[in-house]
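This report concerns only the one structure given below.
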Amino acid sequence: MKIIRAASYQDMSRKAANILSAQVIMKPNCVLGLATGSTPIGTYKQLIEWYEKGDLDFAEVSTVNLDEYRGLSKDDEQSYWHFMHVNLFDHINIDPARVHLPDGTNPDPAAACADYDAVIHDLGGIDLQLLGIGSDGHIAFNEPGAAFELGTHCANLTEDTIEANKRFFARKEDVPRQAYTMGIKTIMQARKILMVANGPKKAAIIKQAFFGPVMPEVPASILQMHPDFTLIGDAEALALI
Ligand code: F6R
């Protein structure tokens, strides 16, 4: 486990974008695992800026996102499909055929999740997975208590996560109660993992997840066991370690 201290949100975003860029430069046809949420938005902005300057080429890159809300279609403005296009894909030269998210509209959870695991498998696995962390320790939608050995599955959102995500919806009732999400096993199989965390709300969980015991009650704690895991945090998120 490597921990990189960033001075600010902008500094964290630049450092994370540097690592993602290095991956794309070293392996132009790499598979990037991507995340939604507010934390990586600055990282995506930085990547777009470097792409516009001509420093980056995404033509051969494939992407797999961590998760998608069950029941939301691609054109739903709250879908992660929409989020990723607005915040990254619409601004870079990624091939639309190489962009992958779980299919939220597939009403059959087992089929939707098996299909997604097959996509990741057929791509040859994830080279670099970007992650955020929930203040309860969740990664993707693997909530506290989620089994470490799960692949992509349908998860029930906890009250904490519904509460945290309601800011993206008109009303709390509109937040979907389920999501198709990569499991901990899927995430741990990525060759490299990069987590970004900022702000005081993440400080306590960062300490617990990376300096406490590894246990399903703190899903992110399993990352201590990954052979190539890097955490980049701003001063506030790393304040307690
Ligand atoms: C995003 C995801 C979530 C977020 C987490 C942190 O695809 O799966 O686990 O990474 O909820 O969200 P933010 O960055 O908004 O604090």
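Under the working numbering, the first residue of the sequence shown is numbered 15, with each subsequent residue one higher.
From the three backbone atoms N, C-alpha and C, an ideal C-beta is built for every residue, glycine too.
Look at L254 and K221 and say whether their C-beta atoms are less than 8 Å apart.
-> yes
L34: first and last residue of the uninterrupted beta strand (DSSP E) it sits in = No beta strand (DSSP E) holds L34; the alpha helix (DSSP H) holding it covers 23-40.
Tell me where the beta strand (DSSP E) around I220 begins and ends.
-> Premise fails: I220 lies in the alpha helix (DSSP H), 217-225, not in any beta strand (DSSP E).
Could you give the distance in angstroms between the alpha-carbon of G165 and the alpha-carbon of D81?
-> 12 Å
DSSP state of G47 mapped onto helix, strand, coil = strand
When we look at the beta-carbon of D122 and count the other beta-carbons within 10 Å, is it buried (16 or more) or exposed?
-> Counting every other CB atom within 10 Å of its CB across the protein chains shown gives D122 a total below 16, marking it as exposed.
Return the residue from the list D109, I62, L144, T244 that minimises the CA-CA distance to M196.
-> L144
Contact check, A234 vs A223, beta carbons under 8 Å | The Cβ atoms of A234 and A223 sit closer than 8 Å to each other.
Environment of R181 [buried if 16+ CB atoms lie within 10 Å] | exposed
Backbone CA spacing between I55 and S27 [nearest angstrom] = 8 Å
According to DSSP, residues forming a beta bridge with A128 | The partner list for A128 (beta bridge, DSSP) is empty, contrary to what the question assumes.
Are the stretch 137-153 and the stretch 92-111 touching by the rule of at least three beta carbon pairs closer than 8 Å?
-> no
Verify the contact flag: G148, CB atom, against every heavy atom of the ligand F6R, threshold strictly below 7 Å.
-> Because some heavy atom of the ligand F6R lies under 7 Å away, the Cβ of G148 counts as near it: yes.
From the DSSP output, which residues share a beta bridge with L144?
-> Among the bridge pairs identified by DSSP, L144 is matched with L208.
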